[in-house]
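Each remark here refers to the structure printed beneath this line.
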Amino acid sequence: MNPMNRRRFMQLAGIGALGAAGTAALAACGGGSDGTAVRYAWWGDTVRQQKYTAALDAFAQQNPGIEIRPEFADYDAFQERMTVQTAGRDVPDVFWIPSPQVMSYHEAGLYRRLDDIPSLDLSAYSATQLDSYRINGELNTLPRSVLTAAVRYNQTFLDEAGAQLPADGSWTWDGLSEFLIDYTRDAPEGRKGIHYNAYGDLNFEAWLRQHGQDLWTADGRMGFEVATLAEWFEWWEVLRRAGAATNLSEQEGAQPEWTVVGDNVLMTFGNSNHIADEAPMFPDFEFGLRSMPVLPDAAAGHRFGYLSRLAVYQGIDDDKVDAAGRLVHYNINDPAILQFVGLSVGAPANPQMLQAAYSVANDDEKKMLAAVEEEMAQEQKPRYEAPPGSGTWRTILGRGIEEVALERSSVADAAARVVADIDREIGQAS
Numbered sequence: 055m056n057p058m059n060r061r062r063f064m065q066l067a068g069i070g071a072l073g074a075a076g077t078a079a080l081a082a083c084g085g086g087s088d089g090t091a092v093r094y095a096w097w098g099d100t101v102r103q104q105k106y107t108a109a110l111d112a113f114a115q116q117n118p119g120i121e122i123r124p125e126f127a128d129y130d131a132f133q134e135r136m137t138v139q140t141a142g143r144d145v146p147d148v149f150w151i152p153s154p155q156v157m158s159y160h161e162a163g164l165y166r167r168l169d170d171i172p173s174l175d176l177s178a179y180s181a182t183q184l185d186s187y188r189i190n191g192e193l194n195t196l197p198r199s200v201l202t203a204a205v206r207y208n209q210t211f212l213d214e215a216g217a218q219l220p221a222d223g224s225w226t227w228d229g230l231s232e233f234l235i236d237y238t239r240d241a242p243e244g245r246k247g248i249h250y251n252a253y254g255d256l257n258f259e260a261w262l263r264q265h266g267q268d269l270w271t272a273d274g275r276m277g278f279e280v281a282t283l284a285e286w287f288e289w290w291e292v293l294r295r296a297g298a299a300t301n302l303s304e305q306e307g308a309q310p311e312w313t314v315v316g317d318n319v320l321m322t323f324g325n326s327n328h329i330a331d332e333a334p335m336f337p338d339f340e341f342g343l344r345s346m347p348v349l350p351d352a353a354a355g356h357r358f359g360y361l362s363r364l365a366v367y368q369g370i371d372d373d374k375v376d377a378a379g380r381l382v383h384y385n386i387n388d389p390a391i392l393q394f395v396g397l398s399v400g401a402p403a404n405p406q407m408l409q410a411a412y413s414v415a416n417d418d419e420k421k422m423l424a425a426v427e428e429e430m431a432q433e434q435k436p437r438y439e440a441p442p443g444s445g446t447w448r449t450i451l452g453r454g455i456e457e458v459a460l461e462r463s464s465v466a467d468a469a470a471r472v473v474a475d476i477d478r479e480i481g482q483a484s
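Residue numbering for the sequence shown follows our numbering, beginning at 55 and increasing consecutively.
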């Protein structure tokens, strides 16, 4: 592992405080005191904790002699605990990687090479796929799932209004905006076209890539211009000013609360996997899923999928590598795990496992699988991970959204401050 002191890693990870964060490790799953013990760290809510604990119990039963020691926390606590563990050289053997920390953890030297572990079978993946997973030419992380930017809509509301969404060929940003304003004008009192979600990171990235720009560049910088961010803010402001989007008070902040707005908006932007957890919150409604609207002159290769990655720790004991490989294999290659954990984390990246997922998916999850398949079949230019020091970029974006939506700043000024603040954070970590 690369030498790194506590202060330096905090700076790279974008975490402001260092403390005894996170939930205490759960009781060990399977095995005994004479077995090989593998620490496995992930994040989520209580339901996910229970599901993965059951899955790990099943894995331990199928692999006598391997004891899994779970380390679970919610998303923010997971990141802070990983900072503490990295500084103390006490990193879990297998761990999930938060999206803002992929390159921070890489620079910290946390990842072990994976394509030399005999117990980890990679035969289901094409050479092109494996190349797309590499970081700086090395296969040292693997995707446990794939997420795409998506539009989720309430089919029940559409049917009630006798309305249809624009056809794929006319599914443009301007066309969608006009549709949402028209829908809201004739909608029942209290219902609006969409909730204000300029905060959606994959949706914003889809906007950028259609404009021929990127969220991040290959050399670890921002890949977008102030003007393009300002146009994104303005797209949402047109809807808010027209009353077609909820305001921040109605949705309780810049990051919308689905439980608050889910029964009074026609549409939401989010990640493809969100339908798995959020549609059941409103069982009286039928929800649909489709890809993002597209600019008439969208840049070639703008489609993309986000890889939700996991890794094996570089400092793992040699006698644990085989067991860690088996655990990673179980997570990314074995359809049996889906019986326990479902598909809330996204569509499997393994093509064979993706097809097997249809047999365990409910109707909403099948919509998610189909949306991901459609997106990933399209031409895609390279996509780059968030650079070290960018861990707070969404917090900065959220501040800009609030300034605009609460009319405390002009769109242009807020966009300029967001870009300057993100650039400064990345610069301080370089």
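All residues carry an ideal CB built from backbone N, CA and C; glycine is no exception.
Suppose you measure from the CA of residue i to the CA of residue j; what does that come to, to the nearest Å?
i    : j    : result
D338 : G119 : 47 Å
D372 : I171 : 11 Å
E121 : A95  : 14 Å
G359 : E429 : 7 Å
A483 : G254 : 25 Å
S186 : Q406 : 18 Å
A272 : Q368 : 24 Å
R344 : L234 : 16 Å
N59  : V458 : Note that N59 scores 46 on pLDDT, short of 50, meaning its location in the model is unreliable; the coordinates nonetheless yield the value given after this. The alpha-carbon atoms of N59 and V458 are separated by roughly 38 Å.
D496 : D477 : Because the chain here runs from 55 to 484, residue 496 falls outside it and cannot be looked at.
L168 : N117 : 20 Å
N416 : F126 : 26 Å
L293 : E461 : 14 Å
A466 : I450 : 15 Å
V395 : G342 : 22 Å
Y412 : N387 : 15 Å
T313 : L201 : 21 Å
G142 : G452 : 32 Å
A203 : G89  : 42 Å
N325 : C83  : 31 Å
P350 : S224 : 9 Å
E456 : A308 : 6 Å
G216 : G316 : 20 Å
W227 : Y129 : 32 Å
Just to confirm my understanding: we take residue i, look at its own chain, exclude 5 residues before and 5 after, and list those with CB closer than 7 Å. What are they?
i    : result
V414 : L392 and Q393
F323 : V205, N251, G254 and N257
I151 : Y159, T195, R363, L364 and A365
Verify whether the separation of the beta carbon atoms of residue i and residue j is less than 8 Å.
i    : j    : result
P441 : G274 : yes
W270 : E439 : yes
V92  : D144 : no
L423 : A390 : no
N327 : A178 : no
Q267 : E285 : no
L320 : F211 : yes
V472 : G445 : no
N318 : R245 : yes
A330 : E427 : no
H383 : L174 : yes
V348 : Q218 : no
A469 : L193 : no
R166 : I370 : yes
Identify, in the order they occur along the chain, each residue of the same chain with its Cβ nearer than 8 Å to the Cβ of residue i, setting aside the five sequence neighbours on each side.
i    : result
N190 : H160
V156 : I189, T195, R363, E439 and A440
A492 : In the structure as shown, the chain begins at 55 and stops at 484. Residue 492 is therefore absent and cannot be evaluated.
T182 : none
A78  : Summary for A78: the model assigns pLDDT 45, below 50, so the residue's position carries little reliability; its value from the coordinates is reported in the next sentence. Contacts found: none.
How is residue i classed by DSSP in three states: helix, strand or coil?
i    : result
I480 : helix
A401 : strand
G247 : strand
L168 : coil
A204 : strand
L174 : coil
S180 : coil
S413 : coil
V473 : helix
S326 : coil
Looking only at its chain, what residues have a beta carbon closer than 6 Å to the beta carbon of residue i, apart from the 5 residues adjacent to it on each side?
i    : result
E340 : Q209 and T210
G229 : P220
K435 : G355
R198 : S362, L364, N385 and I386
P310 : H249 and N251
Entirely enclosed alpha helix (DSSP H) segments - the region 262-324, minimum 4 residues: If we require 4 residues or more, the alpha helix (DSSP H) runs fully inside the region 262-324 come out as 280-295 and 312-315.
Every unbroken beta strand (DSSP E) within the region 334-390, with a cutoff of 3 residues, ordered by chain: Here the runs fully enclosed are 341-344 and 360-366.
Inside the region 75-163 only - alpha helix (DSSP H) runs reaching at least 4 residues: If we require 4 residues or more, the alpha helix (DSSP H) runs fully inside the region 75-163 come out as 100-116, 129-141 and 156-161.
Contained alpha helix (DSSP H) runs [length at least 4] in the region 416-471, N- to C-terminal order: Runs of the alpha helix (DSSP H) inside the region 416-471: 417-430 and 447-459.
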